[in-house]
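Trainee: What follows is a structure written as structure tokens; I'll ask about it next.
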């Protein structure tokens with residue numbers, strides 16, 4: 048059974064930082080893409096940042112130069128370092144994995160508020 052366990056969400060002031068982590072278990076084949084999406088209230092889920100098996104990254108324009116995605120292929124883990132957080136970064140953040148099939152974590156809330 049595939050499980051994606053996220054951690055690291057919370058409440059932070061504008062300009063602050065948070066680090067999200069995701070650990071995937073129950074996956075025996077290679078994970079092609081691992082990363083993060085987010086969904087704000089009333090909006091569709093959207094890409095935040097992903098990294099391929101070979102280390103190629105993809106970022107939403109709104110988070111470039113502020114967020115950094117990383118992963119450990121051997122451990123099936125991924126992290127998202129979020130710096131200079133803005134009010135509009137408030138959302139539920141979902142870990143995402145593709146190994147030919149798509150899998151999602153349960154989501155972790157990130158709230159940016161003064």
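Numbering (this note's numbering), first residue to last: 48 to 161.
For each residue, glycine too, the CB sits at the ideal point set by N, CA and C.
#1: Applying the 10 Å Cβ sphere with the 16-neighbour rule, what's the burial state of residue 121?
#2: Which runs of the beta strand (DSSP E) at least 3 residues long sit entirely within the segment 93 to 118? Give them in chain order.
#3: Within 10 Å of its beta-carbon, does residue 140 have 16 or more other beta-carbons around it, so buried, or fewer, so exposed?
#4: In or out: residue 135 buried (at least 16 other Cβ within 10 Å) or exposed?
#5: Identify the residues that DSSP records as bridge partners of residue 140: which are they?
#6: Could you tell me which residues DSSP puts in a beta bridge with residue 80?
#7: Tell me, which residues are paired with residue 57 by DSSP?
Mentor: Taking the coordinates as given:
#1: Position 74 of the chain shown, counted from the first residue, corresponds to residue 121. When all chains shown are included, residue 121 counts as exposed.
#2: 93 to 99 and 104 to 106
#3: Sequence index remark: in the chain shown, residue 140 carries index 93 (1-based). So residue 140 counts as buried.
#4: For the purposes of this step, residue 135 is identified with residue 88 of the chain shown, where counting begins at 1. Counting Cβ neighbours within 10 Å, residue 135 comes out exposed, since fewer than 16 surround it.
#5: Here residue 140 is taken as the residue at index 93 of the chain shown, counted from 1. The partner list for residue 140 (beta bridge, DSSP) reads 85 and 155.
#6: Working through the chain shown from its first residue, we reach residue 80 at position 33. Its beta-bridge partners are 99 and 145.
#7: Taking the first residue of the chain shown as position 1, residue 57 is located at position 10. BP columns for residue 57 point to 157.
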